[in-house]
Amino acid sequence: MAAMTPLLHRSGGNRPRDPGDRLVTLIGKPGCHLCDEARTVVAEVCAELGAAWEERDITADQKLYDEYWEQIPVVLVDGKQHDFWRVKPERLRAALGG
Numbered sequence: 001m002a003a004m005t006p007l008l009h010r011s012g013g014n015r016p017r018d019p020g021d022r023l024v025t026l027i028g029k030p031g032c033h034l035c036d037e038a039r040t041v042v043a044e045v046c047a048e049l050g051a052a053w054e055e056r057d058i059t060a061d062q063k064l065y066d067e068y069w070e071q072i073p074v075v076l077v078d079g080k081q082h083d084f085w086r087v088k089p090e091r092l093r094a095a096l097g098g
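Numbering-wise (the UniProt record's numbering), the sequence shown opens with residue 1 and increments by one.
Rendered as structure tokens:
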């Protein structure tokens, strides 16, 4: 998988960001049942709110493996850690402004 590129953030003061401008990253690995559950939640919430999401595999990226292997699945919102192990749809929805 390709390396994560820096995100460009629009200036907007304290104005809530539109979910369509957000990027959710799911970090996991193949064969992980918690990752499968997290993928379902992330896909459903992002589809509902119009947010983009991507999945990153720790077995294909040593830096991600070193940082997150004990916490997978990990969910990032705009590059910042949001959750790990279990992803709550209502919490993710709130983080995305939905």
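Even for Gly, the Cβ is constructed at its ideal location relative to N, Cα and C.
Mind checking which residues open and close the alpha helix (DSSP H) that includes residue i?
i: L23; result: From DSSP, L23 is part of no alpha helix (DSSP H) but of the beta strand (DSSP E) over L23 to G28.
i: E37; result: H33 to L49
i: residue 163; result: Residue 163 is absent from the structure shown; the chain starts at 1 and stops at 98.
i: D61; result: No alpha helix (DSSP H) contains D61, which DSSP labels as neither H nor E.
For residue i, tell me which candidate among the options has the shortest Cα-Cα distance.
i: W69; options: V42, D21, L26 and E54; result: L26
i: Q71; options: K80, Q62, K63 and F84; result: F84
i: V24; options: T40, A51 and D18; result: A51
i: A94; options: K63, Q62, K80 and L49; result: L49
Compute the minimum distance between the beta carbon of residue i and the heavy atoms of the ligand GDP, and state whether it is under 7 Å.
i: T59; result: Of the ligands one can find in the structure shown there are none, so the ligand GDP has no counterpart to examine.
Tell me the residue span of the beta strand (DSSP E) that contains residue i.
i: V74; result: V74 to V77
Taking only the alpha-carbon atoms, compute the straight-line gap between residue i and residue j and give it to the nearest angstrom.
i: D18; j: V77; result: 13 Å
i: H82; j: P73; result: 11 Å
i: G28; j: G97; result: 24 Å
i: D36; j: G20; result: 23 Å
i: D66; j: C46; result: 27 Å
i: V42; j: W53; result: 8 Å
i: R39; j: G31; result: 12 Å
i: K63; j: E44; result: 28 Å
Is the stretch 58-72 touching the stretch 87-98, taking contact as three or more C-beta pairs under 8 Å?
no
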